[in-house]
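Numbering (the numbering used here), first residue to last: 688 to 1147.
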């Protein structure tokens, strides 16, 4: 008899399996219930609190980002009452309803209970009743919103709302190429979900199908943001004043996507007409002679010497004579960055006499006279070279003729091996030995491929 009495006194409701119904402003709430103990408990979730239109209009059509709940979204709740203390639970949206996927919500029948916290924070999970970052997640790469929840109807309903939620951070939308990995470096920044200022923060992000990548947090006066695709700079911005909470900002890191030769030529000409001196093109991986002829033709009408910084993304090879300036037209080319190129053909940049910098961080194969006659070169960056070709004449190497290499700062991969020279008929080719270049005799001179340089440094 005593046992029966105690069970009645300590009878409680445990929400082991609960369906949460999403509220809609255009239709009535579907009343899905789950029975636990002697009571029916209904949980209702309001609409997702969209950021709304971007307040910055400089990149064409604003993009509000996430505007509704999606499959896989999680809500993190805590319930508290006198008898059983605090318990946490995670609910996941399956496209129609919300399901309890971890933890539990426990409270005693007749004992007042309340929900002090409910979060939408995709980067976080529960550690007891405290939030901790999920493995592999970084603060600031997603939202961290706290809503409200209340128990009503004699304990039969729990209503979750984000309608009055306040975001104590801003959003930075980075507009770039669709579905591409980018790196973002920030010198001063407080990520959403944190109260600590971060210094020299680095993020590896992947843009979505619309070309957007997002960061959430607070930027202060003089916060600097640098966006890169591999080694290729896409955008740099310094905030002139601190950002406002719940406001969205947009950063232009867009790249011209061009497929045909006509599109390439038109895009470059338009950029030049707009007074742009930085041109970034996203080309097909197999871009060839026609596409590079279009680039050369577009440069023919550019006025001035050494004025244009050109980045070519996507293409894997600069074909033979691809940007050969022997016939003129490329005098405006100041620097060229080729983050995806692995092969540079014969005479590829021959006589680009006003070219100051070549950045090819992934190139492995270079053919004769690739940079011949580039007499103003000051810096070259290579990948881990495995093949370098030339002719047996002294003036037919990759930097012949006429290039004073002792004015050039060379950057090599830290994995670069010492190259050995082999001859075959009227040709020669360099191939790697087993000896690392770092610490070699050539490194101490410094020289590479029998050229002496102003300096040689190594990068990871």
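Built from N, CA and C at the ideal position, the CB exists for glycine as well.
These numbers were taken from a predicted model, which means no experiment stands behind them.
Query, Result
"Supposed contact pair residue 997 and residue 1020 - C-beta distance, whole angstroms, cut 8 Å", "6 Å"
"Uninterrupted beta strand (DSSP E) stretches inside the segment 884-969 (no shorter than 3 residues)", "885-893, 899-905, 911-916, 919-925, 935-939, 965-969"
"C-beta atoms of residue 839 and residue 902 nearer than 8 Å", "no"
"Inter-residue spacing [alpha-carbon to alpha-carbon] between residue 1067 and residue 1090", "12 Å"
"Nearest-angstrom Cα separation, counted from residue 781 out to residue 1168", "The requested residue 1168 does not occur in the structure, where the chain is confined to residues 688 to 1147."
"Buried/exposed call for residue 1132, threshold 16 Cβ in 10 Å", "exposed"
"Boundaries (first-last residue) of the alpha helix (DSSP H) holding residue 1077", "No alpha helix (DSSP H) contains residue 1077, which is instead part of the beta strand (DSSP E) from 1074-1078."
"Segment contact flag, the segment 854-871 with the segment 903-916, C-beta cutoff 8 Å, min 3 pairs", "yes"
"Nearest-angstrom Cα separation, counted from residue 947 out to residue 867", "21 Å"
"Straight-line gap, residue 1143 to residue 1024 (C-alpha atoms, nearest Å)", "19 Å"
"The segment 954-964 contacting the segment 761-780, beta-carbon criterion three pairs below 8 Å", "no"
"Through-space distance from residue 864 to residue 918, alpha-carbon basis", "15 Å"
"Rounded straight-line distance, which links the Cα of residue 812 to that of residue 846", "21 Å"
"Cβ separation of residue 777 and residue 759, assumed to be a contact under 8 Å, to the nearest whole Å", "Actually they do not touch by this definition, with Cβ atoms about 12 Å apart."
"Whether residue 971 touches residue 1001 by CB criterion (8 Å)", "yes"
"Per DSSP, cross-strand counterpart(s) of residue 1119", "1106"
"Cβ contact (3+ pairs, closer than 8 Å) linking the segment 920-933 and the segment 891-900", "no"
"Beta-carbon proximity check, residue 1030 vs residue 1056, cutoff 8 Å", "no"
"Exposed unless 16 or more other CB atoms sit within 10 angstroms - verdict on residue 1092", "buried"
"Helix, strand or coil at residue 1132 [DSSP, three-state]", "coil"
"Assigned exposure category for residue 772 - 16 Cβ within 10 Å defines buried", "exposed"
"CA nearest to the CA of residue 825, picked from 938, 1113, 879", "879"
"The alpha helix (DSSP H) enclosing residue 786, as first and last residue numbers", "No alpha helix (DSSP H) contains residue 786, which is instead part of the beta strand (DSSP E) from 785-790."
"Top-ranked residue by Cα proximity to residue 1100, from 978, 814, 1145", "1145"
"Coarse secondary structure for residue 778, derived from DSSP in three states", "strand"
"Residue 670 - containing alpha helix (DSSP H), residue span", "Since the first and last residues shown for the chain are 688 and 1147, residue 670 lies out of range."
"Those residues which DSSP pairs with residue 1066 across a bridge", "1044, 1096"
"Residue-level contact to chain B via CB, residue 998, 8 Å cutoff", "Judged by its chain identifiers, the structure shown contains no chain B, having just a single protein chain."
"Per DSSP, the bridge partner or partners of residue 837", "846"
"Residue span of the beta strand (DSSP E) that contains residue 864, given as start and end", "It is not in any beta strand (DSSP E) - residue 864 carries neither H nor E in the DSSP assignment."
"Proximity to residue 940 [Cα-Cα], best of 861, 769, 932", "861"
"Residue(s) in a DSSP beta bridge with residue 813", "818"
"Distance cut-off 7 Å: residue 1080 Cβ against heavy atoms of the ligand HEM", "The ligand HEM is not part of this structure, which contains no ligands at all."
"Nearest candidate by alpha-carbon position, reference residue 1102, set 1121, 1134, 1116", "1121"
"Residue nearest to residue 1098 in terms of C-alpha spacing, selected from 1062, 1079, 1050", "1050"
"Residue span of the beta strand (DSSP E) that contains residue 805, given as start and end", "800-807"
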